[in-house]
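Asks: Once you've had a glance at the structure underneath, I'll fire off some questions.
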Amino acid sequence: MTNHTSHPMNIETGIIIVDHGSRRTESNQMLHRAADRFAASSPYRIVEPAHMELAEPSIAEAVRRCVIRGAKRIIIFPYFLSPGRHWTEDIPALARAAAQEYPGLEWLVTAPFGLHPDMNSIINDRIERCLQNASARMNQNPDVSACDVCENTNPCQFVSDE
Numbered sequence: 001m002t003n004h005t006s007h008p009m010n011i012e013t014g015i016i017i018v019d020h021g022s023r024r025t026e027s028n029q030m031l032h033r034a035a036d037r038f039a040a041s042s043p044y045r046i047v048e049p050a051h052m053e054l055a056e057p058s059i060a061e062a063v064r065r066c067v068i069r070g071a072k073r074i075i076i077f078p079y080f081l082s083p084g085r086h087w088t089e090d091i092p093a094l095a096r097a098a099a100q101e102y103p104g105l106e107w108l109v110t111a112p113f114g115l116h117p118d119m120n121s122i123i124n125d126r127i128e129r130c131l132q133n134a135s136a137r138m139n140q141n142p143d144v145s146a147c148d149v150c151e152n153t154n155p156c157q158f159v160s161d162e
């Protein structure tokens with residue numbers, strides 16, 4: 001997963017947050033919002049979104065943007081839950097191909113979210129928010145607003161065959 005990292009920790013580092021990519025514009029825009037939010041709260045000056053396929057920017061384009069902005073090291077965070085083939089094979093292969101254009105560029109692919117301790121809190125928060133939204137809609141509460149995932153889509157709602 002890594003290309004050697006022998007330089008000091010103060011090397012200019014670019015972060016690429018990469019997802020699969022989608023034919024749905026809203027899904028791709030969500031990654032861009034996630035990257036923007038991370039950039040706003042992170043100590044890293046260079047943060048770029050990327051999609052493995054189906055949408056732009058590609059990993060190669062995100063690497064190029066990081067290098068143009070001064071990155072000498074790239075950290076790629078897979079915006080995935082599980083450590084599947086995209087993490088073990090596809091993302092490293094795409095990163096390797098992109099990095100070959102920039103001799104001396106260091107890069108590393110981190111682990112995906114996986115079983116991070118905060119996942120329980122995130123799952124619980126999502127369940128509670130969707131339950132509240134679905135209950136409010138069922139009671140025709142006009143003051144309810146969609147959560148950040150449900151924006152511009154079918155909102156949280158109960159489904160029944162009755």
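Following our numbering, the numbering of the sequence shown begins with 1 at its first residue and continues without gaps. Beta carbons: idealized from backbone N, C-alpha and C, even for Gly.
Does the beta carbon of residue 25 come closer than 8 Å to any beta carbon on chain C?
Replies: Here chain C cannot be found, since the structure has a single protein chain.
Asks: The alpha helix (DSSP H) that contains residue 51, what's its start and end?
Replies: Here residue 51 belongs to no alpha helix (DSSP H); instead the beta strand (DSSP E) covers 46 to 51.
Asks: Nearest to residue 99 by alpha carbon, out of 28, 66, 84 and 29?
Replies: 66
Asks: Name the one or two DSSP bridge partners that residue 58 has.
Replies: For residue 58, which the question treats as bridged, DSSP gives the partners 51.
Asks: With DSSP collapsed to three states, give me the class of residue 24.
Replies: coil
Asks: Taking C-beta to C-beta, are residue 18 and residue 91 nearer than 8 Å?
Replies: yes
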